[in-house]
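The next block holds one structure in the form of structure tokens; read it before the comments.
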Amino acid sequence: QKEVEQDPGPLSVPEGAIVSLNCTYSNSAFQYFMWYRQYSRKGPELLMYTYSSGNKEDGRFTAQVDKSSKYISLFIRDSQPSDSATYLCAMSAATGRRALTFGSGTRLQVQP
Amino acid sequence: EAQVTQNPRYLITVTGKKLTVTCSQNMNHEYMSWYRQDPGLGLRQIYYSMNVEVTDKGDVPEGYKVSRKEKRNFPLILESPSPNQTSLYFCASSFTSTGGFYEQYFGPGTRLTVT
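The listed protein sequences derive, respectively, from chains A and B.
The opening residue of the first sequence carries number 495 in the numbering used here; numbering runs sequentially from there.
The opening residue of the second sequence carries number 24 in the numbering used here; numbering runs sequentially from there.
As structure tokens, then:
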């Protein structure tokens, strides 16, 4: 079983929709929870991160972490065609070799 | 412009022919790392380096070598490539903080095909 599970999609939504992306994980040592966005033929770019449990908002994006359920979410409000990309969740422990453990990514398509 | 660069971006080679993928960063980062990305598996860490002359294995190091002789460069070496090393490779770098979050910056990727 993978340490991080993520639905690969693809997910297709109309412009303006609210998008919900999710990951589950099994390693209790994870303390940092990240969402990366990856456009085609590009490297991943950090969208936002959360430390431990809680919510974090940045513009149209909201990240939620529920450590008791080992479940993290990313919500995108008022989705735009420019949001079309693959979204990768990633996690790491607070110490050690700083390796990021990634989900397999969810491909999102926002239709104009 | 602050960035991580990788060369080549695309490479097709044959089994057993040694190759090197270069990675360079201009942000004075201590930490550098290599990942490979495969469909359905996400990105997995191959090797990492906490600083010059300090390297260690990640999750999937078999068949790879690295070196860190300068702070800005972290080449990935495949001494005898095999078809199961066909993948998309990413180099990443970050500062090494004493605590707290560190953002890893990724290069544009190198798509390697071994026939």
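Quick reminder that beta carbons are idealized off the backbone N, C-alpha and C, glycines included.
Computed from a predicted model, the values in this text were never measured in an experiment.
Beta carbon proximity, residue i to chain B, threshold 7 Å
i         : result
Phe596(A) : yes
Tyr526(A) : yes
Ala511(A) : no
Leu611(A) : With chain A represented from 495 up to 606, any question about residue 611(A) goes unanswered, as that position is not in the structure.
Arg531(A) : no
Arg591(A) : yes
Cβ-heavy atom distance, residue i to the ligand ATP, below 6 Å
i         : result
Met585(A) : The ligand ATP is absent from the structure shown, which contains no ligands of any kind.
For residue i, the first and last residue of its enclosing beta strand (DSSP E)
i         : result
Val75(B)  : Val75(B) -> no beta strand (DSSP E), and no H or E assigned at all.
Asp552(A) : 548-552
Ile100(B) : 99-101
Ser56(B)  : 54-61
Residue-chain proximity (residue i, chain A), Cβ-Cβ < 7 Å
i         : result
Tyr87(B)  : no
Leu66(B)  : yes
Pro84(B)  : no
Pro131(B) : yes
Gly81(B)  : yes
Tyr71(B)  : yes
Phe118(B) : no
Phe113(B) : yes
Gly63(B)  : yes
Chain D residues whose Cβ lies nearer than 7 Å to that of residue i
i         : result
Tyr545(A) : In the structure shown, chain D does not exist; the protein chains are A and B.
Per-residue DSSP class, three states only, for residue i
i         : result
Pro106(B) : helix
Asp560(A) : strand
Ser576(A) : helix
Ala115(B) : strand
Ser506(A) : strand
Leu540(A) : strand
Asn516(A) : strand
Asn30(B)  : strand
Expected contact under 8 Å - CB spacing of residue i and residue j to nearest Å
i         : j         : result
Pro538(A) : Gln603(A) : 18 Å between Cβ atoms; not a contact.
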